[in-house]
Amino acid sequence: CLVTGGIPVFLLEVGLGQYMSEGGITAWNICPIFKGIGYGTTIICFVLNIYYIVILAWGAHYFYNSFSEELPWATCGHYWNTEKCFTNTSMAQNGTVDPVVEYWENRVLGLSSGIEDIGQLRPELALSLLLVWILVYFCVYKGIKSSGKVVYFTAIFPYFMLT
342 CLVTGGIPVF LLEVGLGQYM SEGGITAWNI CPIFKGIGYG TTIICFVLNI YYIVILAWGA
402 HYFYNSFSEE LPWATCGHYW NTEKCFTNTS MAQNGTVDPV VEYWENRVLG LSSGIEDIGQ
462 LRPELALSLL LVWILVYFCV YKGIKSSGKV VYFTAIFPYF MLT
């Protein structure tokens, strides 16, 4: 589907936009029947951004918690750990659970017992999500001119963090 539909439509949109000096929505005004394609791709991008920004919020949550003296997902003995928590993975028995998994499922996500139990709002994740949305807004609110400056940081910063 991506090869036969997505990529050709994307290339056509970029080509029309470049030729007509228009954006993603107005490039399709070349033919009235195609007007919905521009709106459709914009809505799809917005929905995908909602999903991916949640993943960025999880990363921001982990980034914030990694500055603690002892990593909360490194050991057992926290209130979210169960009796099945076991840290020595070289001696792991059947039925034991790694503290990383318990931190993710019990502390970060707060998984409920099933689909009939909705669970509760996680305030720290909601705050992370809000902060990431604010950060994304400030990265793109001035258009493509500010995005070019953001790319300098997002391209160079991971290199320095990994070396």
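In the working numbering, the protein residues as written are 342 to 504.
Glycine included, C-beta positions come from ideal geometry on N, C-alpha and C.
Short of 6 angstroms from the beta carbon of Ala401, and not among the five residues preceding or following it, lie these beta carbons of its own chain, in chain order: Ser469 and Val473. Burial is judged here by how many other beta carbons sit within 10 angstroms of a residue's own beta carbon; Glu465 has fewer than 16 and is exposed.
The Cβ atoms of Asn422 and Glu443 sit closer than 7 angstroms to each other. Under DSSP, Val438 takes part in a beta bridge, and its partners are Cys426. In the DSSP assignment, Val350 falls within the alpha helix (DSSP H) that extends over Ile348 to Met361. Here His402 carries a helix assignment [DSSP, helix/strand/coil]. Of the candidates Asn429, Tyr500, Gly436 and Pro440, Pro440 places its Cα closest to the Cα of His419.
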